[in-house]
Amino acid sequence: MPAAFPKMPKMPPMPKLPKVLVGIDMGYDTLKLALCRGSSVRKVASAPMPKNLLREGRVTSPEAMGEFIRQTLKENGMRHVTNAAVVLSNETSYIREVSMPLMSAEQLMINIPYEFNDYITDELKSYVFDYAMLSTPEDIEREREAASDDHAPVMELMLSAVQTDVLNDMKHILRKAGLKLVKAAPALCAYISLIRHAEKIGGHTQEQEYCLLDLGFQSIRMYMFRGDRHIVTRVLETGLSVLDEAIADAMDVDTHLAHTYLLTNYEGCQNQEACVNAYNNLAVELMRALNFYRFSNPDSEVSDVWLCGGGAVIVPLQEVIRETLDMNIHQAASLTPGGDRIPDCYQYIESIGITME
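If you want the working numbering, it's the position in the sequence shown, counting the first as 1, plus 490.
Set out below in structure tokens:
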């Protein structure tokens with residue numbers, strides 16, 4: 491075996507998160523807050539997002555957002571929390587899982603930016619990069635033992651990139667809200683934390699496949715996992731907004747009022763023909779995404795779907811998804827600590843998961 495391969499990259503110990511932490515998810519139409527202590531959820535709160543405060547995943551006014559968060563914390567009895575974890579929008583952050591040759595930590599930090607060459611079109615120097623080791627020390631040692639002239643040892647990592655000015659804006663927003671930023675990560679990391687927690691407490695195995703559907707306002711995201719390993723994310727560039735439009739046309743109201751009607755099922759509007767047609771269209775797109783995943787992963791036996799996001803509360807939509815995909819449907823609250831006791835847990839999945847180690 492060649493003897494020149496470097497040792498396992500020496501990583502600094504992962505800093506422990508504060509015991510008490512508020513998770514913040516700035517959604518397109520709703521701000522979600524989750525006050526957590528370790529894996530225990532103490533309190534959740536939400537507030538309608540002021541119009542035009544978010545655009546394409548970016549906060550348009552850090553001052554206004556900071557004041558909005560501060561006021562929401564105050565109104566919901568969360569004034570004494572000082573540390574925050576923030577869910578980064580998919581539009582402002584990138585995440586990749588890669589295999590790289592075994593190298594030192596210093597070499598790794600030099601090479602990581604080049605792994606995003608095909609994803610980031612602007613200057614790499616305007617981004618902050620980070621990584622997490624997916625390979626365990628035992629995996630690395632097995633790789634080293636199997637090394638030969640034809641097989642160089644590799645390590646598996648999760649890489650992340652976020653725009654520097656986005657992180658600076660987040661720090662400014664939280665200072666205005668009276669908080670300190672201690673963690674910022676994409677939604678994907680929140681889901682991984684929840685899956686790991688579910689495996690830790692039992693009932694889920696490392697080989698179990700997970701299909702998590704985030705039924706959002708502007709888009710729907712299908713996250714596929716095997717255990718806590720992310721496989722792929724499929725994005726449907728359509729979301730609950732099409733239901734708002736259908737209700738607005740059928741009931742002759744504006745889309746903002748239609749959104750309220752949708753979530754409260756006012757006058758049974760969720761069962762209107764226009765909505766049912768929209769459900770079917772969304773479910774067909776989800777089926778296409780699922781079929782492509784199965785084609786690309788022929789060994790997949792995925793049979794369970796966990797729902798979160800605003801659409802998780804719409805029962806007729808759930809039924810159409812169940813029938814179209816022919817899969818077992820669960821609420822993502824079942825992956826969340828004490829999820830069955832958290833009101834409207836479906837909308838706090840990301841703000842809870844982001845607070846976890």
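For each residue, glycine too, the CB sits at the ideal point set by N, CA and C. None of these values were measured; they are calculated from a predicted model.
Checklist entry - Which residues in the same chain have their Cβ closer than 6 Å to the Cβ of Ser583, if we skip the five residues on either side of it in sequence? => result Excluding sequence neighbours, Ser583 sits near Val652 and Pro676.
Item to check | Inter-residue spacing [alpha-carbon to alpha-carbon] between Asn818 and Gly828 | outcome: Straight-line Cα distance between these residues: approximately 21 Å.
Checklist entry - First and last residue of the beta strand (DSSP E) that includes Leu702? => result Segment Glu699 to Leu705, the beta strand (DSSP E) holding Leu702.
Next on the checklist: With H, G and I counted as helix, E and B as strand and the rest as coil, what does DSSP make of Gln708?
Outcome noted: In this structure, DSSP gives Gln708 a state outside helix and strand, which the three-state scheme calls coil.
Item to check | Beta carbon of Gln760 nearer than 8 Å to that of Ala740 | outcome: The Cβ atoms of Gln760 and Ala740 lie no closer than 8 Å to each other.
Checklist entry - Mind checking whether Glu633 and Leu592 have CB atoms under 8 Å apart? => result Contact flag set, yes.
Checklist entry - In the DSSP assignment, what are the bridge partners of Met590? => result Note: Met590 sits in a beta bridge opposite Met645.
Checklist entry - What is the rounded straight-line gap between the Cα of Ile842 and the Cα of Asp639? => result A direct Cα-Cα distance of roughly 47 Å separates Ile842 from Asp639.
Item to check | Within 8 Å, strictly: CB atoms of Thr826 and Leu684 | outcome: One thing to note: Thr826 has its Cβ within 8 Å of the Cβ of Leu684.
Item to check | Status (buried if at least 16 other CB within 10 Å, exposed otherwise) for Phe785 | outcome: Exposed: under 16 other Cβ atoms inside 10 Å.
Checklist entry - How about Asp704 and Cys798: are their beta carbons less than 8 Å apart? => result Yes, the pair counts as a contact, with Cβ atoms nearer than the cut-off.
Checklist entry - I think Leu563 touches Ala667, with their Cβ atoms under 8 Å apart; what is that distance to the nearest whole Å? => result By a beta-carbon distance limit of 8 Å, Leu563 contacts Ala667. Their separation comes to about 7 Å.
Checklist entry - When burial is assigned at 16 or more other CB atoms within 10 Å of the CB, is His570 buried or exposed? => result With fewer than 16 other Cβ atoms within 10 Å, it is exposed.
Checklist entry - In three-state terms, what does DSSP make of Arg569? => result It is coil, neither helix nor strand.
Item to check | Nearest candidate by alpha-carbon position, reference Ala802, set Gln821, Asp789 and Val810 | outcome: Minimum Cα distance to Ala802 is reached at Gln821.
Item to check | C-alpha distance - Pro538 paired with Asp816, whole-angstrom precision | outcome: Roughly 34 Å between the two C-alpha positions.
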